[in-house]
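>
In our numbering, the protein residues as written are 3 to 332.
1. In the DSSP assignment, what residue or residues form a beta bridge with residue 222?
2. Kindly give me the distance between the Cβ atoms of residue 91 and residue 146, rounded to whole angstroms, as I take these residues to be in contact under 8 Å.
3. Below 8 Å on the Cβ atoms is my contact criterion, and I expect residue 156 with residue 192 to pass it. Report the Cβ-Cβ distance as a whole number of Å.
4. Enumerated in chain order, which unbroken segments of the beta strand (DSSP E) with a length of 3 residues or greater are wholly contained in the stretch 192 to 241?
5. Going by C-alpha to C-alpha distance, which of 95, 320, 88 and 63 sits closest to residue 40?
6. Do three or more CB pairs link the stretch 123 to 143 to the stretch 161 to 172 at distances below 8 Å?
7. With a floor of 4 residues, list each alpha helix (DSSP H) that falls wholly inside the stretch 43 to 73, ordered by position along the chain.
8. In terms of residues, what are the limits of the beta strand (DSSP E) holding residue 5?
9. Pull up the CB-CB distance for residue 261 and residue 253, whole angstroms please, since I reckon it's below 8 Å.
10. Hey, could you find the ends of the alpha helix (DSSP H) residue 18 is sitting in?
11. Please state whether the Cβ-Cβ distance between residue 207 and residue 161 is less than 9 Å.
12. Taking the straight line between their C-alpha atoms, what separation do you get for residue 124 and residue 118?
13. Who does residue 82 pair with in a DSSP beta bridge?
14. For residue 172, verify whether its CB is less than 8 Å away from any heavy atom of the ligand GTP.
15. Tell me the DSSP bridge mates of residue 129?
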C-alpha cells in the first residue's frame, strides 16, 4: 500500500494530475466517481494567493467528496510560498503539492515551475522550508531535469525526501521537451530503485492506455500513476485501468447516454461553480473526447464549442441524443 504521510492511498493508486483550466472541482468530481484515488487542484500561483487574486483564490475550493485532495502551488520566492502555505491550509486539503515541473514560459521565466530545475539547491531549500511550515504532508511534482544534459533526478528525489517530502511525482520528460516525444520512464524507475528511497514514487507522462499503466506498475515498478491528458473529456479512464488491473480485460467504452449524462453534469457543475460564461468556456476542451469516434459529428461539436450560451450547448446535447442515441462506440 502506498502512503502519503499518514494517508493510505491504496495499492498502485491512480492520481488525477493538476492541469490548468482542467482539474477544477466539477472535473475532479467526475474523475473521483470513476476511480481516481487522489485528485489535485489546478496549479495555483503563490503570488496570486498572497495578492488575493480572484482567479487564484477560487482554485482553493475543495469538497469532502473528493478527498484525499491535494492543493498544488507554484512559485520561486520563499516568503511568498510560506505565506501561500498558510492560506492553503485554511481550505483544509489533505496534501500540499509543489509544482516544480510546469514548462510554460510565463511560469519558467519567473524561476518557478520547471524553471527551478536550473537551481536544485533552491528547489530543495524551498521544499524544506515548506515542510517545516505546515503539518500537512508536502509532495512534489517535477520533471526529469531541465534538458537531457542535466538529468539528476535520482539525486534530486533523494534530497527532496531527505528534507521531508512525502511523495514525488515525476513526469518522464525534460523541460526542453515540453510535451513532445515519448516520456522516458527509465529514470523514474532509477529513482524508485534507489535503496535510500522510501517515499512513494509516482510516474507521469503518456499513461494513455490500461496496458501502459500496467507497464508502469510491473515493468518499471513505480508506486502509482499520475494521469493527465488521457483523462480530459474521459473520466472513465480511471475505472478502465482498474478493471484491467483486476481482470486483464478491457471494459466496454461508455455508452452514448453515459457520455451525454457526464457532459451535461460537467457543464452544469461548472456553471454552478464559476458562472455561465466561464463554465461554458472552460468545459469546451472536454467535448472532443466525450464524443470522440462519432462520424459526421463536426456540426454538433461546433455548436458545443462556439456557443457562449449554456442553453445552446444543452440543446446541442439534446440533438446528439436525438440523432445518435443508438450509436455504438468501438
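Glycine is no exception: its CB is placed at the ideal position from the N, C-alpha and C atoms.
Put simply:
1. By 1-based counting over the chain shown, the position of residue 222 is 220. For residue 222, which the question treats as bridged, DSSP gives no partner whatsoever.
2. Here residue 91 corresponds to residue number 89 of the chain shown, with the count starting at 1. Here residue 146 corresponds to residue number 144 of the chain shown, with the count starting at 1. The C-beta distance from residue 91 to residue 146 rounds to 31 Å, too long to meet the 8 Å contact threshold.
3. The residue labelled residue 156 in the question sits at position 154 within the chain shown. The residue labelled residue 192 in the question sits at position 190 within the chain shown. Contact holds; Cβ gap of about 5 Å.
4. Within the stretch 192 to 241, the complete beta strand (DSSP E) runs of at least 3 residues fall at 203 to 206 and 226 to 229.
5. Within the chain shown, numbered from 1, the residue matching residue 40 stands at position 38. Measuring from the Cα of residue 40, the nearest candidate turns out to be 95.
6. Between the stretch 123 to 143 and the stretch 161 to 172, the count of C-beta pairs closer than 8 Å reaches three or more; the two stretches touch.
7. Listed in chain order, the complete alpha helix (DSSP H) runs (minimum 4 residues) inside the stretch 43 to 73 are 48 to 52 and 56 to 60.
8. In the chain shown, residue 5 corresponds to position 3, counting from 1. In the DSSP annotation of this structure, the continuous segment of the beta strand (DSSP E) that includes residue 5 starts and ends at 4 to 6.
9. On the chain shown, residue 261 is found 259 positions in, with the first residue counted as 1. On the chain shown, residue 253 is found 251 positions in, with the first residue counted as 1. Contact check for residue 261 and residue 253: beta-carbon distance about 14 Å, past the 8 Å limit, so the pair fails to qualify.
10. The residue given as residue 18 occupies position 16 in the chain shown. Looking at the DSSP string, residue 18 is not in any alpha helix (DSSP H); the run it does join, the beta strand (DSSP E), is 16 to 18.
11. For the purposes of this step, residue 207 is identified with residue 205 of the chain shown, where counting begins at 1. For the purposes of this step, residue 161 is identified with residue 159 of the chain shown, where counting begins at 1. When the beta-carbon positions are compared, residue 207 and residue 161 stay at least 9 Å from each other.
12. For this step, residue 124 is matched to residue 122 along the chain shown. For this step, residue 118 is matched to residue 116 along the chain shown. One C-alpha to the other measures close to 7 Å.
13. Mapped onto the chain shown, residue 82 falls at position 80. According to DSSP, residue 82 bridges with nothing at all.
14. You won't find the ligand GTP in this model; it holds no ligand whatsoever.
15. Counting from one through the chain shown, the residue named residue 129 turns up at place 127. Answer is none; residue 129 lacks a bridge partner.
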